[in-house]
Amino acid sequence: MGDQDEVSEKGAGALTIPSLRWEEPPEGPVLVLLDQTRLPAEEAELVCTDVPALVQAIRTLAVRGAPLLGIAGAYGVALAAARGFDVEEAVEALAQARPTAVNLGYGVWRAAAAYRAAFAGGGAPAGAAAALAEARAVHAEDIEASTRMAQHGLALLGELLPGGGHRILTHCNTGALVSGGEGTALAVALAAHRSGELRRLWVDETRPLLQGARLTAYEAARTGMAYTVLSDGAAGSLFAGGEVDAVLIGADRIAADGSVANKVGSYPLAVLARYHHVPFVVVAPTSTVDLETEEGADIEVEQRPGQEVTEFSLPFVQGPGAEAGTGIPVAPLGAQAYNPAFDVTPPELVTAIVTEVGVVSPVTRDGLAEVCSTSRWSKSRSGNGMMAE
18 MGDQDEVSEK GAGALTIPSL RWEEPPEGPV LVLLDQTRLP AEEAELVCTD
68 VPALVQAIRT LAVRGAPLLG IAGAYGVALA AARGFDVEEA VEALAQARPT
118 AVNLGYGVWR AAAAYRAAFA GGGAPAGAAA ALAEARAVHA EDIEASTRMA
168 QHGLALLGEL LPGGGHRILT HCNTGALVSG GEGTALAVAL AAHRSGELRR
218 LWVDETRPLL QGARLTAYEA ARTGMAYTVL SDGAAGSLFA GGEVDAVLIG
268 ADRIAADGSV ANKVGSYPLA VLARYHHVPF VVVAPTSTVD LETEEGADIE
318 VEQRPGQEVT EFSLPFVQGP GAEAGTGIPV APLGAQAYNP AFDVTPPELV
368 TAIVTEVGVV SPVTRDGLAE VCSTSRWSKS RSGNGMMAE
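Our numbering numbers the first residue of the sequence shown as 18 and each following residue consecutively.
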């Protein structure tokens with residue numbers, strides 16, 4: 018495994034380190050990641066010099082979030098090519114690092130396709146240059162998609178909730194930490210905040226790894242949003258009290274029928290929202306839509322280590338690279354744990370899916386396919402990634 022050097026930025030008043038960046042120091046190209054396991058206590062970076070280091074960062078959630086995983090995967094292929102490692106081996110390792118997030122494979126296969134095409138005509142240097150150019154294109158497209166999703170999402174909120182003063186509940190983390198731009202669902206909330214239409218952001222803590230409490234609250238504070246963190250189990254009382262106007266979440270994979278895989282705990286929110294007649298809106302780029310996965314039951318749901326449930330872990334206290342089994346026990350020794358990373362919400366519970374090219378509502382198979390057909394990229398039936406239309 019390559020080096021994972023650390024650079025700390027303590028006490029910053031605002032996020033000063035991008036979630037991901039490509040650098041080319043004299044000793045060779047590297048991919049630099051903001052270590053999200055260390056937030057909010059400190060902003061620290063991981064410097065990945067090879068693909069095994071990047072795969073480890075992906076699996077430990079140092080880098081996470083569907084769009085950012087696609088960007089990281091593309092740069093990972095470029096890193097392998099630039100440093101002369103086995104690119105096909107890198108592609109395999111990266112694509113399998115997390116099974117549910119379709120964007121990871123999307124980015125990997127795009128960069129790999131560019132590498133293979135250029136390598137066939139110009140050898141390794143041409144292949145490496147093409148892979149890096151494609152990774153940068155994936156990165157740039159995500160920035161643009163984030164901006165467009167925020168615009169479409171804000172317009173939708175205006176239609177669903179005329180008059181402003183929105184009280185929005187969100188789950189997990191969907192801001193700049195998961196994107197090249199300002200995110201997916203949280204980008205919509207941020208747009209509402211900037212337009213003076215956000216009254217309150219309700220932030221689910223998002224057990225067991227607390228991405229909401231640690232990351233969404235971290236981003237909300239730095240953008241000046243009015244926010245409140247709540248335990249996941251308290252969401253029902255907010256709905257019952259009429260304190261939620263809309264639910265906004267992201268997605269890690271959307272099946273062809275409109276079923277949405279997102280951080281575990283999303284499905285109960287959809288049920289609550291339906292019962293209380295509250296809009297439940299998913300915000301995700303078209304690259305998250307997997308038209309080759311026919312329905313929600315076909316989505317592979319990642320099972321995380323049980324220790325994430327049976328231990329309370331503080332990676333930023335333990336230091337970088339802390340492994341499961343080193344946290345504070347909160348269950349008896351040997352307790353079994355059920356720890357799916359995601360759950361799947363059926364399309365009939367989703368009010369709308371907001372993408373960079375438009376809104377799908379009602380959520381139907383035909384409607385989703387039509388929106389995806391207007392995007393720049395569509396799924397290749399060969400199973401080898403994405404092809405330009």
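Heads up, the beta-carbon is just placed ideally off N, CA and C, and yes, glycines get one too.
- ALA83 and ASP269 do touch by the CB rule: their CB atoms are close to 5 Å apart, below 8 Å.
- Inter-residue distance for THR233 and VAL264 is about 14 Å (C-alpha atoms, whole angstroms).
- For GLU222 against SER248, the beta-carbon gap comes to about 6 Å, under 8 Å, which counts as contact.
- Secondary structure note for ILE370: its beta strand (DSSP E) is the uninterrupted segment 369–372.
- In this structure, DSSP gives GLU236 a helical state, which the three-state scheme calls helix.
- The segment 60–128 contains, as complete alpha helix (DSSP H) runs of 4+ residues, the segments 68–76, 83–99, 104–112 (chain order).
- Judged by DSSP in its simplified three-state form, LEU255 adopts helix.
- Residues of the same chain with a CB within less than 7 Å of the CB of THR164, apart from the 5 flanking positions on each side, are GLY198 in chain order.
- Here THR54 carries a coil assignment [DSSP, helix/strand/coil].
- Rounded to the nearest angstrom, the gap between the Cα atoms of ASN120 and LEU385 is 17 Å.
- In the structure shown, ALA263 adopts extended strand secondary structure according to DSSP, grouped into three states.
- Between THR187 and the set GLY267, ALA128, GLU328, ALA79, the nearest pair of CA atoms involves GLY267.
- Taken through DSSP and simplified to helix, strand or coil, ALA150 comes out as helix.
- Taking C-beta separations shorter than 6 Å and ignoring five residues to either side along the sequence, the partners of SER330 in its chain run GLY344, following chain order.
- Relative to the Cα of GLU161, the nearest Cα in the group GLU176, ALA301, GLY259, TRP39 belongs to ALA301.
- The Cβ neighbour count for ASP67, taken over all protein chains shown within 10 Å, is at least 16; the residue is labelled buried.
- Collapsing the DSSP output to three states places HIS183 in a strand.
- Straight-line spacing of the CA atoms in ALA118 and ALA79 works out to 15 Å.
- Separation of the CB atoms of ALA204 and ALA237 is rounded to 12 Å, and the pair is thereby denied contact status at 8 Å.
- Of ALA208, GLY250, GLU214, TYR235, the smallest CA-CA separation from PRO225 is found for GLY250.
- A straight line joining the alpha-carbon of VAL261 with that of VAL246 spans about 14 Å.
- VAL288 is classed as exposed because its beta carbon has fewer than 16 other beta carbons within 10 Å across all chains shown.
- A distance below 7 Å between beta-carbons, with the five flanking residues on each side excluded, links VAL281 to the following residues of its chain, in chain order: PRO357, ALA358, PHE359, ASP360.
- As far as DSSP is concerned, THR381 takes part in no beta bridge.
- Beta-bridge partners assigned by DSSP to LEU207: none are found.
- Sorting THR191, SER390, ALA130, TYR123 by C-alpha distance to the C-alpha of SER283 places THR191 at the top.
- The way I'd put it, the segment 126–134 doesn't touch the segment 59–66; fewer than three beta-carbon pairs between them come closer than 8 Å.
- Taking all protein chains shown into account, HIS169 has 16 or more neighbouring C-beta atoms within 10 Å of its C-beta and is therefore buried.
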